[in-house]
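**Q**
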Amino acid sequence: MKTISENFNHQKNPAFETEYYFLCDSSSTERSLPDARAAEGGQARVNDPRTVIRGESSTGENNKSQAALTDWLNVSFPFHSENNNPLEFFKSFSEATKGIFGGMTDQQRGLHGWQYSFQFDHGCVFFAYGGQNNTAFLSLPGEGCALISDWQSFVIYLRDQLRARITRWDGAVDDFIGSHSIDMAIEFYKQGHFKHGGREPKLTQHGNWIKPDGSGRSVYVGNRKNGKLIRIYEKGKQLGDPSSFWVRWEVELHAKDRVIPWEVLLHPGEYVAGAYPCLSWVSDRVFRINTIKEQDRISYERLKQVASTAYGALLNVMLQREGSAELIVEQLKRHAIPRRLAATDHYLRTKGKSDEI
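Be aware that the sequence shown starts at 20, since it is given in this note's numbering, and climbs by one per residue.
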């Protein structure tokens, strides 16, 4: 079997004249995750930042583990440039994730205060380093999180190998039938169900609330500067389907005066439920594949509408002149995927048949 160094290649990307890294093959070994609480270092001291806590259902059932999706993950970790380089990070990251994110391209600019940044081919994943007290930064938005199927092994890699800490985590719950609507969120707020410690958090509304027009409404409760907020928005409508009932409840946590434990990645539903009193309903198991498929369906239908509006008349004329739909397709098609479909298409082709959450 070839070693990782033999499979590793480094070359210039001629299209951008930037550094490009890719891995031809990789392998990983099965590892078990020790008890996360023990790994966090035992009991916290009185002056330590508070730890994000789990929620429990009113019936005492512990069935929230798969009730939410990790939809954003930022971590930082020690990275001394004299002892580390992006090449070594790429090798270890690609091995840990089985190469699912593809190559890594130098962006030739900084990111969030770090001097150098790189983007992976798939998942909109970014890596940055340089400065910031000899640390590095890794960011996986929703598209990147969707590609992770073995969160247990990924936690081991981040925590034990990189010695990382979570600086941002988003946990999302998708309600496709709208039983927990955005209007319900407003009622929860009026009833004080978003309060923490007796304080009423700030509420912000976006969209047409006077006469909803199908473009989607949003509610933000809390403040990012304080490290905790929740977004409730009509995701299906915002993707372009005015008749969609799809509502997303999305908790966003930052490591500001709080410790975000690694267990949020293993039991996201429990931590979403524990974020606010009104989220005790988060209990049913949901599947990542359902979310991706619905997002892909709405985006695909919306793009067809856009194409029909912009070029439908031209296609009608072309059909009369060319005499064959096949000839028209051959003349107009490009061997590419629209950016709006790129992430969902890649997921459904590579993981969508069997992956849950």
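Don't be surprised by glycine CBs; every beta carbon is placed ideally from N, CA and C.
Between which two residues does the alpha helix (DSSP H) harbouring Lys209 extend?
**A** 201 to 209
**Q** Which residue marks the beginning of the beta strand (DSSP E) containing Val379, and which one marks its end?
**A** The question about residue 379 has no answer, for the chain in this structure spans 20 to 376.
**Q** Beta carbon of Val144, beta carbon of Phe173: below 8 Å?
**A** no
**Q** Within this structure, are the beta carbons of Trp188 and Leu272 separated by less than 8 Å?
**A** yes
**Q** If I'm right that Leu157 touches Phe139 with Cβ under 8 Å, what's the distance once you round it to whole angstroms?
**A** Their Cβ separation, rounded to whole angstroms, is 10 Å, which puts Leu157 and Phe139 out of contact at 8 Å.
**Q** Do Ile185 and Leu92 have their C-beta atoms closer together than 8 Å?
**A** yes
**Q** For Ile175, report the span of its beta strand (DSSP E) as first-last.
**A** Segment 170 to 175 is the alpha helix (DSSP H) holding Ile175; no beta strand (DSSP E) there.
**Q** Please go through the same chain and pick out, in chain order, the residues whose beta-carbon is closer than 7 Å to the beta-carbon of Leu317, but skip the five residues on each side of it.
**A** The sequence shown places Ile at residue 317, rather than the Leu named in the question. Only Gly255, Leu258, Gly259, Asp260, Ser263 meet the Cβ criterion.
**Q** I'd like to know if the stretch 96 to 110 and the stretch 193 to 210 are in contact, where contact means that at least 3 CB-CB pairs between them fall below 8 Å.
**A** no
**Q** Give the DSSP-derived three-state secondary structure of Gln151 in the structure shown.
**A** coil
**Q** Classify Pro287: buried if its beta carbon has 16 or more other beta carbons within 10 angstroms, exposed otherwise.
**A** Buried is the call here.
**Q** Going by beta carbon distance, what residues of the same chain come within less than 7 Å of Tyr208, once the five residues before and after it are set aside?
**A** Leu222, Val240
**Q** Can you look up Phe264 in the DSSP assignment and give me helix, strand or coil?
**A** coil
**Q** Tell me the rounded alpha-carbon separation between Arg368 and Cys164.
**A** 16 Å
**Q** Out of Glu269, Arg182, Gly149, Pro105, state which residue places its alpha-carbon closest to the alpha-carbon of Gly190.
**A** Glu269
**Q** State the CB to CB distance for the pair Gly132 and Ser100, rounded to an integer number of angstroms; the pair is presumed to be in contact (CB under 8 Å).
**A** With 8 Å as the limit, Gly132 and Ser100 do not qualify as a contact, their Cβ atoms being about 15 Å apart.
**Q** Locate the alpha helix (DSSP H) running through Ile347, then write down its first and last residues.
**A** 344 to 351
**Q** What is the DSSP secondary structure of Asp232, counted as helix, strand or coil?
**A** coil
**Q** How about Phe213 and Trp265: do their beta carbons lie closer than 8 Å?
**A** Taking 8 Å as the cut-off, the Cβ atoms of Phe213 and Trp265 do not count as close.
**Q** Report the residue from Lys244, Ala204, Glu345 whose alpha carbon sits nearest the alpha carbon of Ser237.
**A** Ala204
**Q** Is DSSP giving Ser95 helix, strand or coil here?
**A** Note: Ser95 maps to strand in three-state DSSP.
**Q** Alpha carbon to alpha carbon, how far is Ala294 from Ser77? Give it in angstroms, no decimals.
**A** The pLDDT assigned to Ser77 is 39, lower than 50, so where the model puts this residue is not dependable; a value taken from the coordinates is nonetheless given after this. Each residue's Cα considered, the two are about 15 Å apart.
**Q** Going by CA-CA distance only, name the one from Gln324, Pro296, Ala87, Arg353 that's closest to Gly161.
**A** Minimum Cα distance to Gly161 is reached at Ala87.
**Q** Hey, out of Ser299, Leu360, Phe109, whose CA is closest to Leu181's CA?
**A** Phe109
**Q** Would you kindly work out how many angstroms separate the C-alpha atoms of Arg340 and Glu349, rounded to a whole number?
**A** 15 Å
**Q** Within the same chain, show all residues whose beta-carbon is closer than 7 Å to that of Lys230, passing over the 5 residues directly before and after it, in chain order.
**A** none
**Q** Exposed or buried, which one is Gly233 when buried takes at least 16 other CB atoms within 10 Å?
**A** exposed
**Q** For Arg353 and Ser113, I'd like the C-alpha separation in whole angstroms.
**A** 30 Å
**Q** Please classify Gly331 as buried or exposed, where buried requires at least 16 neighbouring CB atoms within 10 angstroms.
**A** exposed
**Q** Report the three-state DSSP secondary structure of Asn227 (helix, strand or coil).
**A** coil
**Q** What would DSSP say about Asp315, mapped onto helix, strand or coil?
**A** helix
**Q** According to DSSP, Leu248 sits in a beta bridge with which residue or residues?
**A** Gly241, Glu271
**Q** In this structure, what does DSSP give as the bridge partners for Gln339?
**A** In the DSSP output, where bridge partners are listed per residue, Gln339 has none listed.
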